[in-house]
Amino acid sequence: MGELKEMKIESWRKRYNEELIKLFGDLDILSYIGIRRMNWIDQVNRMDSKRNVNQVFHNNSQGSRLSRRPRNRWWNCAETDINRCKN
Numbered sequence: 019m020g021e022l023k024e025m026k027i028e029s030w031r032k033r034y035n036e037e038l039i040k041l042f043g044d045l046d047i048l049s050y051i052g053i054r055r056m057n058w059i060d061q062v063n064r065m066d067s068k069r070n071v072n073q074v075f076h077n078n079s080q081g082s083r084l085s086r087r088p089r090n091r092w093w094n095c096a097e098t099d100i101n102r103c104k105n
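Numbering (my numbering), first residue to last: 19 to 105.
Here it is in structure tokens:
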């Protein structure tokens, strides 16, 4: 997605901002990440429940967090994306 293969010189290069804007249109990077995150959640939910990825995704691990400022977990960001789409 971010890299482009140059056929003339047989090498890869990163895309320029203008190319990315043309590719994605008005979609900003945060919206794109949120969409991809929700697609991945949907894919994991459709997996067989015996698959390791599905088991880890649905497992609620026990333990304590550090006493500092709580860091955002991946799931917290995913819930934010889902709630943003509902509204």
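Glycine included, every Cβ here is placed at the ideal spot set by N, Cα and C.
List the DSSP bridge partners of residue 58.
-> Answer by DSSP bridge pairing: none, since residue 58 is not bridged.
Residue 33 in three-state terms, based on DSSP = Here DSSP, grouped into helix, strand and coil, assigns residue 33 to coil.
Using beta-carbon positions only, say whether residue 92 and residue 64 come within less than 9 Å of one another.
-> No, Cβ-Cβ distance for residue 92 and residue 64 is not below 9 Å.
Within the chosen definition, does the region 65-82 reach the region 26-42 through at least 3 CB pairs nearer than 8 Å?
-> Proximity of the region 65-82 to the region 26-42 falls short of the contact definition, fewer than three beta-carbon pairs being nearer than 8 Å.
What residue from 36, 38, 48 and 75 has the CA that sits closest to residue 61's CA?
-> Nearest option by C-alpha distance: 75.
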